[in-house]
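Everything on this sheet refers to the single structure shown next.
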Amino acid sequence: MGKIIDGKAFANLLGQNLKEKVKKLKDEGITPHFCVINIGDNPASKIYVRTKKRRAEKMGIIQDIYQMSADTKQEEAIALIDKLNADPAINGLMVQLP
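Start counting the sequence shown at 11; every next residue gets the next number (the working numbering).
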């Protein structure tokens with residue numbers, strides 16, 4: 011029989027580990043900065059992205075959300091990705107699609 015894992019306790023442990031890593035980075039003068047590009051108007055995606063933003067902020071991570079409409083052209087999304095990738099203050103990027 012498989013082992014039952016307490017998901018909430020495990021998530022809290024991971025969160026605490028991440029918070030410690032963020033603190034070490036900040037002590038070195040690096041503030042983690044993560045951007046999310048949310049394409050489309052899917053309500054579930056918007057809730058997911060907002061929830062992740064709140065969690066990131068609790069960890070001490072700056073998170074920006076860039077909302078793009080569902081009819082965004084690929085070239086527009088790529089231009090934003092290129093712009094964010096060129097910013098040395100940004101450490102991570104995620105594109106959220108429904």
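Positions of the beta carbon are idealized from the N, C-alpha and C atoms, including for glycine.
If the five residues before and after residue 45 are omitted, its C-beta is found closer than 6 angstroms to the C-beta atoms of 74, 94, 100 and 103, all from its own chain and listed in chain order. Taking 8 angstroms as the cut-off, the beta carbon of residue 41 is found closer than this to the beta carbon of residue 72.
Three or more beta-carbon pairs separated by less than 8 angstroms link the segment 58-69 to the segment 22-39, which places the two stretches in contact. The Cβ atoms of residue 48 and residue 77 sit closer than 8 angstroms to each other. In this structure, the beta-carbon distance from residue 108 to residue 50 falls below 8 angstroms.
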